[in-house]
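In what follows, a single structure is set out as structure tokens and then discussed.
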Amino acid sequence: MGIDVSGDQGVGGVVGGVGGFGANSSAWQYAQYDSGYTMGPYSVGANWSVDSPAASLDPDGGHTTAMTGEDADIGGAVTLFADMGCQERYSWDGQNCYDNNFCDSIGDSSSVKIAGVSNALMVESIEYGDGTADFYTISPCPVNCKASGSVRIRLECLGQYVQYEYRTEYWVRNEPLGPTVCLGALKVVKYSGFCGYHEDANCFDTILAP
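Dropping the structure here:
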């Protein structure tokens, strides 16, 4: 990914995606000539910034930075900016190379949405003869996304242990302070279980940069 600017000297841009916990992005430049010849990319440093408190950066200067999600409740897109200074323009008159006394700004940007993950705790209820049971979300369960009713899951616990399952679903807010969009239809809802009651087990939301 990058920005192309025509001229005797070209500019570069940000190369790299933004995603996952503390996902890395890196800055690169290349030289582009009117003849169509291109050199690069070359590793360079950049001053990094974001336009929303929904994410943070570390470091804010250097070749590579890591973006980390901080608050998915804010919603909307987070734009990552890389400022790589400017590149002086030069021209060739057939005999000499001369300075055009003009500087091209060098930079690029990339937008992402900060996602949250709802971890809804469910507990075993009605058992069936095929080794499955209906599971229901515990109450209270103050998370953004959870099952609207029962979910039939295979039983793994033996003896007198009651089985619990964490139901994990991604969510985002497409607009600042907008409604929550649960992504169960786009990303697979996952279940992970344990046997017996755990005093510290509860429903909770976590934040990440997808």
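So the sequence shown is residues 36 to 245, counted in our numbering.
All C-beta atoms in this analysis are idealised placements derived from N, C-alpha and C, irrespective of residue type, glycine included.
Owing to the predicted nature of the structure, the values given are computational and were not obtained by experimental measurement.
Per the coordinates, the alpha-carbon of A89 lies some 22 Å from the alpha-carbon of K222.
Distance between V197 and I149, taken at the CA atoms: about 35 Å.
In summary, C238 is buried, with 16 or more beta-carbon neighbours lying within 10 Å of its beta-carbon over all protein chains present. Annotation for K225: T203 place their beta carbon closer than 6 Å to its own, counting only its chain and skipping 5 residues before and after. In chain order, A155, C238 place their CB closer than 6 Å to the CB of C176, counting only its own chain and leaving out the 5 sequence neighbours on each side. Out of V178, T172, V152, R189, the CA that lies nearest to the CA of G164 is found in R189. In the three-state reduction of the DSSP assignment, A62 falls in the strand class.
Burial is judged here by how many other beta carbons sit within 10 angstroms of a residue's own beta carbon; G194 has fewer than 16 and is exposed. With a minimum length of 4 residues, there is no unbroken run of alpha helix (DSSP H) contained wholly in the segment 161-221.
The Cβ atoms of V152 and F170 do not sit closer than 8 Å to each other. About 18 Å separates the beta carbons of V113 and S61, which is beyond the 8 Å limit, so they are not a contact pair. Within a 10 Å sphere around the beta-carbon of L212 sit fewer than 16 other beta-carbons, which makes this residue exposed. Collapsing the DSSP output to three states places I149 in coil. In terms of Cβ geometry, G111 and R208 form a close pair [threshold 8 Å]. N59 and L243 have their alpha carbons spaced roughly 13 Å apart. Beta-carbon to beta-carbon, A101 and D93 are separated by about 6 Å, close enough to satisfy the 8 Å threshold. The beta carbon of S91 sits closer than 6 Å to those of T103, E105, all from its chain and outside the five residues before and after it, given in chain order. Its Cα nearest to that of P76, the residue W63 stands out among Y68, V85, W63.
Considering only Y125, G129, A117, S78, the residue with the shortest C-alpha distance to G142 is A117. In the structure shown, D108 falls within a helical segment according to DSSP collapsed to helix, strand and coil.
Burial is judged here by how many other beta carbons sit within 10 angstroms of a residue's own beta carbon; T73 has fewer than 16 and is exposed.
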